[in-house]
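Engineer: Residue numbering for the sequence shown follows the working numbering, starting at 4 and increasing by one per position.
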Amino acid sequence: MIRRSSESQKPKPDLEKKIKPILYVSVGILIGVIIIALVVVLPFFMRPKPKPEIVLLNGYDGFQGLNYVVYIDVGVKNNGGEGWVTVYAEIEGAGKYEKKEQTIYMLSGETKQLQFVFDISFWNALFSSLTYRAWAVPS
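#1: Judging by CA-CA distance, which residue of LYS23, LYS80, TYR74, LEU69 is the nearest neighbour of VAL140?
#2: With a threshold of 8 Å between beta carbons, is PHE130 in contact with chain C?
#3: How far does the alpha helix (DSSP H) with PHE130 in it extend, from its first residue to its last?
#4: Relative to the C-alpha of GLY112, which candidate in ARG50, LYS54, GLU104 has its C-alpha closest?
#5: With DSSP collapsed to three states, give me the class of GLY84.
#6: By Cβ distance below 6 Å, which residues in the same chain neighbour LEU117 in space, the five residues on each side in sequence not counted?
#7: Going by beta carbon distance, what residues of the same chain come within less than 6 Å of ALA137, once the five residues before and after it are set aside?
#8: If you draw a straight line from the alpha carbon of GLY86 to that of VAL43, how long is it in whole angstroms?
#9: Is it buried or exposed for ASN75, if we count other Cβ within 10 angstroms and need 16 for buried?
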């Protein structure tokens with residue numbers, strides 16, 4: 004009869020019991036990272052963008068020092084969320100075309116007044132008409 008030593012009689016450690024806690028911890032960390040990403044990052048992409056609307060457009064001409072200029076007053080109202088808005092104004096006529104832009108930060112529901120100044124030739128302005136327009140877009 005062969006007897007076994009007491010060392011061979013010891014139960015082997017169960018590897019599954021050691022792996023399960025590590026698996027649960029790693030799954031918990033992964034779920035935590037996903038929740039944090041959804042709570043922090045998603046609202047940044049989901050916030051409403053500005054929705055600018057031109058509420059005033061008025062053009063007039065005059066002298067600025069010795070220069071003959073056209074002033075375009077633009078009123079912009081933000082009907083969306085807060086953010087950056089780019090407002091464009093252009094003139095055409097009197098032998099030229101010119102476009103200018105201004106970028107402003109607007110809160111939700113806010114209205115701002117902007118002024119664009121275009122330098123034109125006095126003699127060209129006397130004998131031709133000018134057309135102007137303005138528009139705004141979220142930046």
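Think of the CB as a built atom: it goes at the ideal place given N, C-alpha and C, for glycine as much as any other residue. Predicted model only: the values in this text are computed from it and were never measured.
Structural biologist: Looking at the coordinates:
#1: Comparing Cα positions, the closest option is LYS80.
#2: The structure shown contains no chain C; it is built from a single protein chain.
#3: Run containing PHE130: none; DSSP gives neither H nor E here.
#4: Selected option, being the one with the closest Cα: LYS54.
#5: Secondary structure at GLY84: coil, using DSSP grouped into helix, strand and coil.
#6: Listed in chain order, the non-local C-beta contacts of LEU117 below 6 Å within the same chain comprise VAL77, VAL90, GLN105, local neighbours out to five positions each way being set aside.
#7: Within the same chain, and ignoring the five residues on either side of ALA137 in sequence, the residues whose Cβ sits closer than 6 Å to its Cβ are ILE57, LEU60, VAL77, ALA92.
#8: The alpha-carbon of GLY86 is positioned some 19 Å away from that of VAL43.
#9: Sequence check: residue 75 is Ile here, not Asn. With 16 or more other Cβ atoms inside 10 Å of its own Cβ, ILE75 counts as buried.
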